[in-house]
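These notes are about the structure you will find just below.
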Amino acid sequence: MRMSRLLVRTLREAPADAEVASHRLLVRAGYIRRLASGVYTFLPLGLRVLHRIEAIVREELDAAGCQELLLPALHPIELWEQSGRAALFGSDALPAMTVDARGGTFVLGPTHEEVVTVTVGAEVDSYRQLPVTVYQIQVKFRDEARPRFGLLRTRELVMCDAYSFDTDKAAMQRSYRAVFDAYLRIFGRLGLEVTPVEADSGAIGGDVNHEFMVPSAVGEDRFVRCGACGYAANIEAARRRVEVPAGAPPVEDPGGSPVEHHTPDRAEIADVAAFFADQGVTTADLLKGLAVVDADGDPALLLLAGDREALLPAGWRLFDADDFARRPSMVKGYLGPGGQQLHGVRVVADEGVRRPGPWITGANRVGHHLSGVVLGRDFTVDAWGSYVAVEAGDACPRCGEPLELVRSVEAGHTFQLGYKYSAVMAGATFVDEAGGEQPFSMGCYGMGVSRLLAVLAEEHHDDAGLQWPPAVAPYRVYLAALGASRSPEVTEVADRLYGELAAEGIEVLYDDRDVSPGVKFNDADLIGLPDVVVVGAKGLARGTVEWRERRSGVERELPLDQVVAEISAA
RNA sequence: CGGGAAGUAGCGCAGCUUGGCAGCGCGCCUGCUUUGGGAGCAGGAGGCCGCGGGUUCAAAUCCCGCCUUCCCGACCA
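The working numbering puts the first sequence at residues 4 to 573.
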């Protein structure tokens with residue numbers, strides 16, 4: 004491709020709305036343009052990278068026995084009513100967009116479980132046709148609360164999603180493993196360091212699921228991993244090991260009974276700790292109480308150590324103003340466990356609270372706290388569990404070694420769905436060997452292709468521009484002809500190299516523009532093709548051209564007759 | 001959804017406090033000169049100052065409402 008013909012404009016300055024490197028550079032180098040918040044155009048260069056990633060995805064999934072199809076992006080809303088997920092539409096869990104059209108309301112597909120289930124269900128009648136795994140590369144729509152970071156979080160995204168259909172759970176798990184391994188190979192070929200982690204399944208559902216995490220400073224996710232045993236989990240799903248003192252908690256009596264303190268306007272943990280600071284008290288000595296409504300809709304007081312962040316189980320929520328009004332034993336800002344059960348409030352506690360104390364807690368009176376509160380003597384716990392976000396240094400739940408916390412981008416997410424959709428969607432059954440009707444056991448597998456483009460740009464760049472790995476670069480070689488307009492020889496040599504490289508199957512972006520050398524060098528760096536070849540009068544006088552590897556900056560002078568051979572061998 | 005900031009030429013920004021000809025840099029067009037890391041000179045094109053209303057002789061500037069965008073948080077398949 005000749006630069007003089009390519010639809011691209013590089014920008015000296017980044018648009019003011021670009022915050023992270025991948026966004027800034029992809030816009031500056033002319034790969035993408037923003038049309039609306041979280042909605043991007045892929046210009047020719049950007050689309051070529053997208054296609055390179057897609058080609059790798061297709062190769063690996065095809066090799067794993069998957070079949071590509073293309074599902075509609077526009078779904079009749081009735082399908083979503085059938086699965087029950089239409090009820091989630093207003094929520095944060097499933098921010099779908101709908102359009103009213105002739106024939107009713109359509110959903111702009113945010114994901115495709117419903118559609119694929121009825122599609123495969125209509126084609127498959129017998130166990131003899133199973134297993135089958137299909138996939139598509141498609142645009143999806145999600146009305147993100149907050150699109151950000153360019154292609155990393157968008158409202159319209161290109162995604163690869165695969166779906167497996169099996170006769171039973173064991174077969175489904177084999178299919179799951181096959182796609183899981185294919186995903187690992189895809190990330191490997193893209194040169195991304197990826198860690199599969201245990202995760203929450205969110206609005207997709209199912210039991211076992213894994214996220215594929217790419218460590219990145221701009222990531223919005225965090226996961227923990229154990230260097231000793233390999234345990235890895237999303238921060239939302241991570242657990243830690245808590246060393247519980249052996250035997251029953253000793254009920255020693257430090258002072259006979261708790262002491263009440265007047266602590267006006269000390270409703271925050273940090274403020275309470277400050278109040279008692281002269282006694283050597285830290286936030287870890289405080290019992291943090293959260294008024295919650297559990298998944299059954301019952302009120303409970305959740306206790307955790309004051310230095311930890313709470314992590315509520317799915318379906319739980321914090322008290323709102325009405326809840327507090329209805330439960331006078333729950334005093335916002337001054338919550339304590341003492342006597343809650345007498346008021347019909349269950350006390351649940353994080354494992355980290357399994358020590359006698361003495362604790363400092365709220366007194367269930369506005370402006371008052373208690374010190375010397377002892378577990379077993381002054382309060383009891385109805386249920387223990389894990390209710391705090393795991394932190395770096397916490398003990399691995401498997402082996403007890405310290406956990407590491409890693410910021411990351413979620414590049415893929417796979418789920419063992421089981422019967423969640425096949426049980427409710429019409430026709431999602433097959434006839435088994437015994438002649439009985441059975442629902443499919445399903446799995447689903449998502450990978451953010453357009454997000455991967457951003458992740459790769461994030462991983463591979465420097466101050467001057469992008470540095471594409473050869474596997475995904477839009478072209479392999481940036482061929483810059485310096486001063487071509489005044490040197491017939493430069494033009495002749497560059498034209499010839501362009502043709503010879505193409506004949507070798509090497510894709511070349513040929514900068515034939517009549518612009519100064521500095522512009523060409525800067526655009527070459529910005530666009531970030533793996534190899535830069537410079538044809539200039541200086542080199543030609545010696546019978547050579549320059550070859551520079553963009554990433555390493557290593558430069559070599561090559562005799563004219565060796566250029567094609569050297570580059571195709573590299 | 002809560003908090004903050006910003007919308008002026010394709011991009012980056014000044015002008016707004018104190019109302020009075022709409023500006024600068026880059027980019028774009030023409031000509032000449034130049035040519036190994038974003039060239040120089042000269043000339044030129046390009047604007048609903050986000051939108052609507054109000055105040056005023058007069059509004060980019062002051063007031064009200066709305067829209068859009070970005071950041072922090074909440075949330076997130």
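From the three backbone atoms N, C-alpha and C, an ideal C-beta is built for every residue, glycine too.
Going by DSSP in three states, residue i sits in which element: helix, strand or coil?
i	result
residue 107	strand
residue 213	strand
residue 282	helix
residue 541	helix
residue 149	coil
residue 491	helix
residue 481	strand
residue 254	Its pLDDT being 47, under 50, residue 254 is placed unreliably by the model, and nothing is read from it.
residue 123	helix
residue 427	coil
residue 413	strand
residue 288	helix
residue 239	coil
residue 358	coil
residue 129	strand
residue 534	strand
residue 296	strand
residue 102	strand
residue 341	coil
residue 82	helix
residue 156	strand
residue 500	helix
Which two residues bound the contiguous beta strand (DSSP E) that contains residue i?
i	result
residue 363	362–365
residue 143	135–144
residue 443	Per DSSP, residue 443 belongs to no beta strand (DSSP E) and is neither H nor E.
residue 513	511–514
residue 224	224–229
residue 353	349–353
residue 560	558–562
residue 432	432–434
If I follow the unbroken alpha helix (DSSP H) through residue i, where does it start and stop?
i	result
residue 462	452–462
residue 551	Careful: residue 551 lies outside any alpha helix (DSSP H), inside the beta strand (DSSP E) at 547–552.
residue 185	172–192
residue 93	Counting along the chain, residue 93 falls outside any alpha helix (DSSP H), and DSSP gives it neither H nor E.
residue 168	Per DSSP, residue 168 belongs to no alpha helix (DSSP H); it is in the beta strand (DSSP E), 159–169.
residue 201	Careful: residue 201 lies outside any alpha helix (DSSP H), inside the beta strand (DSSP E) at 198–201.
residue 326	324–329
residue 572	566–572
Residues in the same chain with beta-carbon distance under 6 Å from residue i, minus the five sequence neighbours each way, listed in chain order, please.
i	result
residue 40	150
residue 412	217, 219, 222, 458
residue 55	475
residue 464	24, 28, 470
residue 448	165, 182, 417
Should residue i be counted as a contact of the ligand HEM given a C-beta to heavy atom distance under 7 Å?
i	result
residue 498	Ligands displayed in this structure: none; no statement on the ligand HEM is therefore possible.
By Cβ distance below 8 Å, which residues in the same chain neighbour residue i in space, the five residues on each side in sequence not counted?
i	result
residue 430	121, 124, 125
residue 246	398
residue 532	471, 476, 477, 478, 479, 480, 481, 512, 553
residue 252	Any answer about residue 252 is weak, because its pLDDT of 45 lies below 50 and its placement is not dependable; what the coordinates show is given next. Once the five neighbours on either side are set aside, the close Cβ partners of residue 252 are 357, 358, 359, 378, 379.
residue 371	263, 264, 265, 266, 337, 365
residue 291	272, 306, 307, 308, 309, 311, 313
residue 395	227, 405, 406, 407, 408
residue 268	274, 370
residue 142	76, 159, 160, 161, 162
To which residues does DSSP link residue i through a beta bridge?
i	result
residue 528	None; residue 528 has no bridge partner.
residue 264	372
residue 447	166, 418
residue 308	290
residue 468	465
residue 313	391
residue 302	296
residue 244	398
residue 218	411
Spatial neighbours of residue i within its chain, please: C-beta separation below 7 Å, excluding the five flanking residues on both sides.
i	result
residue 501	482, 511, 513
residue 31	13, 14, 17, 529
residue 192	59, 474
residue 109	77, 78, 79, 80, 101, 102
Exercise. Enumerated in chain order, which unbroken segments of the alpha helix (DSSP H) with a length of 4 residues or greater are wholly contained in the stretch 12–79?
Worked result: Whole alpha helix (DSSP H) segments, 4+ residues: 24–31, 47–66.
Exercise. Hey, which unbroken runs of the beta strand (DSSP E) at 3 residues or more fall wholly within the stretch 362–406?
Worked result: Listed in chain order, the complete beta strand (DSSP E) runs (minimum 3 residues) inside the stretch 362–406 are 362–365, 371–376, 386–388.
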